[in-house]
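S.K.: Numbering (our numbering), first residue to last: 339 to 595. Note that CB positions come from ideal geometry on N, CA and C, so glycine has one too. For reference, the structure I am asking about is given below.
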């Protein structure tokens, strides 16, 4: 594995492989836990909306840019990160890197497309609410991380999603989608020197207009809690659990065993 940092603060990580298929993308250090009380679901909403238009591309052109060469373009949001990535043949890596850079740094969040996406995500929220075996996981996390942003559903609520605008998305991107707050990763057979050259060409031109500032707070201590929710169902769903060791704890391997 080889790493470097561009002059704008963007870190590059390259892992070589003999595969003809390449994987590349951005890992952005922002997720649900970074949202304010009036922003629940905004990290996920922004991730969806990145595909809706840039300064030089319409939504249709974005969706077909990688599909035209048999590639894939996708994204997902977690409680702590947002990922935007592409899978393609090694011959098309320049196409993928240019497109990903355009989406991350040049998205304009056009209002008509934002309105369409709002309905898509609200439908997604309703589908989860209609699936008790999935919904219980969200209810459980909200319980053990009570009054903390990390406990809230990644999708947000119908009310919060209805409140988001193009300006909401732009402000969120301006605050978190900064070169020093993300990593560009690559896995494939393209040499590191070429990936570095393409990164200098397509990703170095974007510079932060502000210094990244974000202080994450840990959840409060958790007293024992028991909660019962009555629903008009023919099944019962039960979950029992607690908080575990963090990713850097020396005890986590023992817990896995």
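Can we say the region 513-530 touches the region 480-494, given the rule of at least three CB pairs closer than 8 Å?
M.R.: Output reads no: the region 480-494 does not touch the region 513-530.
S.K.: Please give me, in chain order, every unbroken run of the alpha helix (DSSP H) with length at least 4 that falls completely inside the region 362-427.
M.R.: Correct list: 380-387, 397-405.
S.K.: Compare the Cα-Cα distances from residue 345 to each of 544, 593, 580 and report the closest residue.
M.R.: Reading the chain shown from its first residue, position 7 is the one you call residue 345. When each option's Cα is compared against that of residue 345, the closest is 544.
S.K.: What's the gap between the Cα of residue 314 and the Cα of residue 434?
M.R.: Look at the range of the chain in this structure, 339 to 595, and you will see that residue 314 is not part of it.
S.K.: Going straight from the alpha carbon of residue 516 to that of residue 418, what length do you get?
M.R.: Position 178 of the chain shown holds residue 516. Position 80 of the chain shown holds residue 418. So the alpha carbons of these two residues sit roughly 15 Å apart.
S.K.: For residue 469 versus residue 393, is the C-beta distance shorter than 7 Å?
M.R.: Indexing the chain shown from 1 puts residue 469 at position 131. Indexing the chain shown from 1 puts residue 393 at position 55. No; because the gap between Cβ atoms is not below 7 Å, this pair is not in contact.
S.K.: Less than 8 Å between C-beta atoms, sequence neighbours within five positions excluded: which residues of the same chain meet that for residue 457?
M.R.: Here residue 457 corresponds to residue number 119 of the chain shown, with the count starting at 1. Taken in chain order, the list of residues that qualify is empty.
S.K.: Between which two residues does the alpha helix (DSSP H) holding residue 598 run?
M.R.: Past the edges of the chain, shown from 339 to 595, lies residue 598, and the structure says nothing about it.
S.K.: Could you check what DSSP says for residue 593 in three-state terms: helix, strand or coil?
M.R.: Translated into the one-based positions of the chain shown, residue 593 becomes position 255. Helix.
S.K.: May I have a chain-ordered list of the beta strand (DSSP E) segments no shorter than 3 residues that lie completely inside the region 513-564?
M.R.: The qualifying runs are 520-526.
S.K.: Going along the chain, which residues of its own chain have a beta-carbon closer than 8 Å to the beta-carbon of residue 475, five neighbours each way excluded?
M.R.: For the purposes of this step, residue 475 is taken as residue 137 along the chain shown, with counting starting at 1. Cβ neighbours of residue 475 beyond the five flanking positions: 577.
S.K.: Can you give me the Cβ contacts of residue 430 inside the same chain, cut-off strictly under 7 Å, excluding the 5 residues immediately before and after it?
M.R.: Start at 1 with the first residue of the chain shown, and residue 430 comes out as number 92. Once the five neighbours on either side are set aside, the close Cβ partners of residue 430 are 407, 409.
S.K.: Check the C-beta distance from residue 371 over to residue 554 and give it rounded, since I have them as a contact under 8 Å.
M.R.: Within the chain shown, residue 371 is the residue found at index 33, counting from 1. Within the chain shown, residue 554 is the residue found at index 216, counting from 1. Contact flag correct, Cβ pair sits at about 6 Å.
S.K.: Would you report the Cα separation of residue 378 and residue 510, rounded to the nearest angstrom?
M.R.: Locating residue 378 in the chain shown gives position 40, counting from the first residue. Locating residue 510 in the chain shown gives position 172, counting from the first residue. Using only the alpha carbons, I get a separation of about 12 Å.
S.K.: Measure the alpha-carbon distance for residue 360 versus residue 440 and round it to whole angstroms.
M.R.: Indexing the chain shown from 1 puts residue 360 at position 22. Indexing the chain shown from 1 puts residue 440 at position 102. The alpha-carbon atoms of residue 360 and residue 440 are separated by roughly 19 Å.
S.K.: Just mark residue 488 as buried or exposed, buried being the case when its beta carbon has 16 or more other beta carbons within 10 Å.
M.R.: In the chain shown, counting from the first residue as 1, residue 488 sits at position 150. With 16 or more other Cβ atoms within 10 Å, it is buried.
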